[in-house]
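*Asks:* Numbering (UniProt numbering), first residue to last: 1 to 680. By construction, the Cβ of each residue, glycine as well, lies at the ideal position given by its N, Cα and C atoms.
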């Protein structure tokens, strides 16, 4: 097998052959018809052929074999045109470089890549022809001075069904769509997904990818996949549909969810054994964080010791690394010009890793009394980033709250009764502001999960339909069945809402659907009946999400938490503790408390000599990316459901302790809704 490289080309000699010996070559990698032939023909007629053609001998019976043009298709076409018009003779001298038949494909690809831009379909097919000739990916990459992955990506495109390659060559299928379809290895699946994508929006790359992988787990998004690792999953016999077109090493889709869950559980159990030897009474594993479950437990008091001399140096080193990584990330944020997403992701990952390393090291300074540990335990769980976290010092509650506690809790949870005389931590206006952001976060998460949206709506409707079953109960719901959207309420209660991550995502979704929906309401039902199930499910989820209302004037347990807990919403993804969002709305003393809690006691000392505005700005610098949340957004409690005339409680204590006003018991608390009214 011959190879083509620059040295071979340099050693070759230019020859002149008569035009009559030229013929098209089957090895020319450019399959699209050449353009600009007439102008090129005029140039050749005036100045001659200035650039040689690359040819190879075509075996035959003639004494002088024909020469196939494997590079120079446009020049050959221009010569053909001149000959047809009688402007050049058969023996017109043409400069050529003769290569072997085995070198023809590579020579054609080298020539065409350096001349007029090749169509991506032709280039990918040329790489596949080289592989068919026996050349390795590494050899081809070295030949064309490209990374190995570039060759593998081209081969992936070349593996598309012939019908799809034709569409790509005709520009009826773009490169991004081709990359999405190339996720499937078999032609039947590729053609089926393309054929089923009849609407324009269904042919967007993301929609095509979703259609191919709808029953699979995206390894880039799955906390379990990040925790287990794709290599470990594959070693255990799992199949990963790799995404060669992503620079993320974890890009791929997992088919076997049961295997992934088992591998994660097995590894968690191993890790839990190292926690158990610390002396805890019990340890339990969870594959995800459950805020409600954690809150059902009490906590024993921990103690923080000072680092030993031998630990101070390592602590200082880890702190310096964290500060340096954060400083580099901050410097990037301050730069002007076009954003560099790859660099940003790398810097963010480095800052996160450095912070995590410091946090894990400082955990050793926290200790518990041995006697307390015998009564408590720990949860070992996986966070949203696939990292192992340990919640230590948890105490199981052996009995339900007292009747007095339950009664007071139930009244306050639904808006009736009175709380203690203490001034609330957050004022009414700030509570509404924060809970508006809470609502937007839950809405965008719910809009992306049609199955949960259906369950939420049914949960809202069933008690009204089956009122003979639920007639003694009143309750508060986050979903307003009258179909009152909360869009205006979100904007009016939080003047920074329009800049939030959740709001922008919601508006993008709204705009997408607005473009698809008919403009006249009398056409809407017929339009809906024509839609595919996927369209209906996603539109349904968005509409249900738009009715969710979690805005509250006080930090009480709220019905929206039941939805948020089901979705495992991480509010830190959508809300940051900035000056405008929080610090300028609270007293300076509160700023100091928050910074001391989230950063360090030392940082508080720096704030004490500042005016409030300066302290708010300083707090933002220290905390904007800390992940800290105010109590309003940390509160994941769900209101108790209460029956007419009594509070639900398993405890049998006397009613004398209950702090319940008789008038409050005669009707549902504000915000609650009776089923009779709903049924009407």
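Among the candidates 352, 339, 331, 347, whose CA atom is the shortest distance from the CA of residue 318?
*Replies:* Comparing Cα positions, the closest option is 352.
*Asks:* Alpha carbon to alpha carbon, how far is residue 434 from residue 639?
*Replies:* Between residue 434 and residue 639, the C-alpha separation is close to 19 Å.
*Asks:* Is the distance from the Cβ of residue 578 to the Cβ of residue 620 below 7 Å?
*Replies:* Taking 7 Å as the Cβ cut-off, residue 578 and residue 620 qualify as a contacting pair.
*Asks:* Sort out for me which residues DSSP pairs residue 228 with in a bridge.
*Replies:* Partner(s): none; residue 228 has no beta bridge.
*Asks:* So, residue 97 versus residue 54, is the Cβ gap smaller than 7 Å?
*Replies:* Against a cut-off of 7 Å, the Cβ pair of residue 54 and residue 97 comes out as a contact.
*Asks:* Can the beta-carbon of residue 493 be found closer than 7 Å to that of residue 580?
*Replies:* Not a contact, by the Cβ cut-off of 7 Å.
*Asks:* With distances taken from CA atoms, which of 84, 19, 202 is nearest residue 66?
*Replies:* With distances taken between Cα atoms, residue 66 lies closest to 19.
*Asks:* Here's the rule: buried if 16 or more other CB atoms are within 10 angstroms of the residue's CB, otherwise exposed. What is residue 527?
*Replies:* So residue 527 ends up on the exposed side.
*Asks:* If I'm right that residue 57 touches residue 101 with Cβ under 8 Å, what's the distance once you round it to whole angstroms?
*Replies:* At roughly 7 Å, the Cβ-Cβ gap stays under 8 Å, so residue 57 and residue 101 are in contact.
*Asks:* Evaluate residue 147 with the Cβ neighbour count: other Cβ atoms within 10 Å of its Cβ, from every protein chain shown; 16 or more gives buried, anything less gives exposed.
*Replies:* Burial call: exposed.
*Asks:* Tell me the rounded alpha-carbon separation between residue 551 and residue 283.
*Replies:* Distance between the alpha carbons of residue 551 and residue 283 is about 37 Å.
*Asks:* So, with DSSP's three-state summary, where would you put residue 583?
*Replies:* Helix, per DSSP.
*Asks:* Considering only the beta carbon of each residue, do residue 294 and residue 442 sit closer than 7 Å?
*Replies:* Against a cut-off of 7 Å, the Cβ pair of residue 442 and residue 294 comes out as no contact.
*Asks:* Run through DSSP, which three-state label would residue 503 get?
*Replies:* Looking at residue 503 - three-state DSSP - the assignment turns out to be helix.
*Asks:* Taking the CB atoms as reference points, tell me whether residue 568 and residue 627 lie closer together than 7 Å.
*Replies:* No.
*Asks:* Please classify residue 575 as buried or exposed, where buried requires at least 16 other C-beta atoms within 10 Å of its C-beta.
*Replies:* Looking at its Cβ environment, which holds 16 or more other Cβ atoms inside 10 Å, residue 575 is buried.
*Asks:* Going by DSSP in three states, residue 339 sits in which element: helix, strand or coil?
*Replies:* Here residue 339 sits in coil by DSSP.
*Asks:* Let me know the secondary structure DSSP gives residue 334 once reduced to three states.
*Replies:* Of the three classes helix, strand and coil, the one that applies to residue 334 here is helix, per DSSP.
*Asks:* Helix, strand or coil for residue 15 per DSSP?
*Replies:* Three-state result, residue 15: strand.
*Asks:* Going by beta carbon distance, what residues of the same chain come within less than 7 Å of residue 21, once the five residues before and after it are set aside?
*Replies:* So the list reads 64, 66, 67, once near-sequence residues are dropped.
*Asks:* Does residue 361 come out as helix, strand or coil in the three-state DSSP assignment?
*Replies:* Reduced to three states, the DSSP call for residue 361 is helix.
*Asks:* For a quick check, are the C-beta atoms of residue 78 and residue 37 less than 7 Å apart?
*Replies:* Contact flag set, yes.
*Asks:* Nearest to residue 245 by CA position, among 266, 306, 255, 182, is which residue?
*Replies:* Of 266, 306, 255, 182, the residue nearest in Cα terms is 182.
*Asks:* Should residue 200 go down as buried or exposed, given a rule of 16 or more other Cβ atoms within 10 Å for buried?
*Replies:* Exposed is the call here.
*Asks:* So, does the stretch 386-397 touch the stretch 231-245, judging by three or more C-beta pairs under 8 Å?
*Replies:* No: the two stretches stay apart, fewer than three of their Cβ pairs being nearer than 8 Å.
*Asks:* What's the gap between the Cα of residue 447 and the Cα of residue 541?
*Replies:* Going by the C-alpha atoms only, they are around 5 Å apart.
*Asks:* For a quick check, are the C-beta atoms of residue 544 and residue 440 less than 7 Å apart?
*Replies:* No.
*Asks:* Quick one: what does DSSP say residue 728 is sitting in, helix, strand or coil?
*Replies:* Nothing can be reported for residue 728: it is not among the residues displayed for the chain, which extend from 1 to 680.
*Asks:* State the DSSP-derived secondary structure class of residue 119, mapped to helix, strand or coil.
*Replies:* Three-state result, residue 119: coil.
*Asks:* Could you say which of 451, 48, 39 lies nearest to residue 538 if we only look at CA atoms?
*Replies:* Looking at the Cα atoms, 451 is the closest of the given residues.
*Asks:* How far does the alpha helix (DSSP H) with residue 160 in it reach, from first residue to last?
*Replies:* Per DSSP, residue 160 belongs to no alpha helix (DSSP H) and is neither H nor E.
*Asks:* Can you round the beta-carbon distance between residue 228 and residue 257 to whole angstroms, since I take them to be within the 8 Å contact cut?
*Replies:* Wrong, their Cβ atoms sit about 12 Å apart, outside the cutoff.
*Asks:* Let me know if residue 156 comes out buried or exposed under the rule of 16 or more other beta-carbons within 10 Å of its beta-carbon.
*Replies:* It counts as buried.
*Asks:* Quick check: what's the CA-CA separation for residue 40 versus residue 191?
*Replies:* If you take the alpha carbons of residue 40 and residue 191, they lie about 39 Å apart.
*Asks:* What span of residues does the beta strand (DSSP E) with residue 27 cover, start to end?
*Replies:* No beta strand (DSSP E) contains residue 27, which DSSP labels as neither H nor E.
*Asks:* So, with DSSP's three-state summary, where would you put residue 382?
*Replies:* Three-state DSSP puts residue 382 in a strand.
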